[in-house]
Amino acid sequence: MTSKFSITQQNPHSIPAQTMIAALWKEIQQRYGFTGECDINPSDFTVVKALFLVAFVGDLPVGSIGLKPLSEEIAELDTLYVSPEFRKQGVARALLQKLEAHARLHRFRAIRLRAGGEQPEALRFYKKMGFVSIPCFGNYASSEANLCFEKRL
Numbered sequence: 001m002t003s004k005f006s007i008t009q010q011n012p013h014s015i016p017a018q019t020m021i022a023a024l025w026k027e028i029q030q031r032y033g034f035t036g037e038c039d040i041n042p043s044d045f046t047v048v049k050a051l052f053l054v055a056f057v058g059d060l061p062v063g064s065i066g067l068k069p070l071s072e073e074i075a076e077l078d079t080l081y082v083s084p085e086f087r088k089q090g091v092a093r094a095l096l097q098k099l100e101a102h103a104r105l106h107r108f109r110a111i112r113l114r115a116g117g118e119q120p121e122a123l124r125f126y127k128k129m130g131f132v133s134i135p136c137f138g139n140y141a142s143s144e145a146n147l148c149f150e151k152r153l
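Residue 39 in the working numbering is what sits at position 39 of the sequence shown, and the numbering runs on without skipping anything.
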């Protein structure tokens, strides 16, 4: 069944945004077999040129994505998450397309991201959407568990 959804920009400190971040963090912990405090900082998505989007089915938040600047020309995609019962319905693609439009509007030349091997469906999605493997960047470079990707705009 395909659900009709809408996407809106949200303050990353809002209840819908925090709901999505918490769900993402819970899934990450389950997939990677650890427990710990969430290391996603909502304030990263409040700086100039940053963006945080939430997808809704009615009033229910079902997905999110965030963009944060790394430099004047490069931004990082983070917090892409879709609730399991709403996957394979175009939510992730729509979130990414809206994020890419924002990135182009703000003249970013590329979007980078980090993922891990325990997220095979995410890795397939990113490759399908035009992301290519790159050496890991910034704080991610120190861990062999990280896989990094970039898409030129």
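Glycine included, each C-beta is placed from N, C-alpha and C at the ideal position.
Please read these numbers as outputs of a predicted model, since none were measured by experiment.
Which listed residue (the options) has its alpha carbon closest to that of residue i
{"i": "Glu76", "options": "Gln89, Asp59, Lys49 and Gly90", "result": "Lys49"}
{"i": "Ile137", "options": "Thr19, Lys68 and Leu113", "result": "According to the sequence shown, residue 137 is Phe rather than Ile. With distances taken between Cα atoms, Phe137 lies closest to Leu113."}
{"i": "Ala110", "options": "Arg31, Lys98, Glu73 and Leu99", "result": "Glu73"}
{"i": "Pro16", "options": "Leu24, Tyr140, Pro61 and Tyr32", "result": "Pro61"}
{"i": "Met20", "options": "Gly36, Ile40 and Ser3", "result": "Ile40"}
Contact check, residue i vs residue j, beta carbons under 8 Å
{"i": "His102", "j": "Leu51", "result": "yes"}
{"i": "Leu53", "j": "Gln9", "result": "yes"}
{"i": "Gly58", "j": "Val82", "result": "no"}
{"i": "Phe34", "j": "Val91", "result": "no"}
{"i": "Thr46", "j": "Ile65", "result": "no"}
{"i": "Gln119", "j": "Arg31", "result": "yes"}
Euclidean distance between Cα positions of residue i and residue j
{"i": "Ile134", "j": "Asn11", "result": "30 Å"}
{"i": "Ile7", "j": "Ser142", "result": "35 Å"}
{"i": "Ser3", "j": "Pro84", "result": "13 Å"}
{"i": "Leu95", "j": "Phe86", "result": "13 Å"}
Integer Cβ distance of residue i from residue j, believed to fall under 8 Å
{"i": "Asn139", "j": "Gly116", "result": "Between Gly116 and Asn139 the Cβ distance is about 14 Å, and since that is not below 8 Å, they are no contact."}
{"i": "Glu150", "j": "Phe131", "result": "6 Å"}
### Query
Along the chain, which unbroken stretches of the alpha helix (DSSP H) at least 4 residues long are found entirely within the region 31–112?
Taking only runs of at least 4 residues, the alpha helix (DSSP H) segments lying wholly in the region 31–112 are 91–105.
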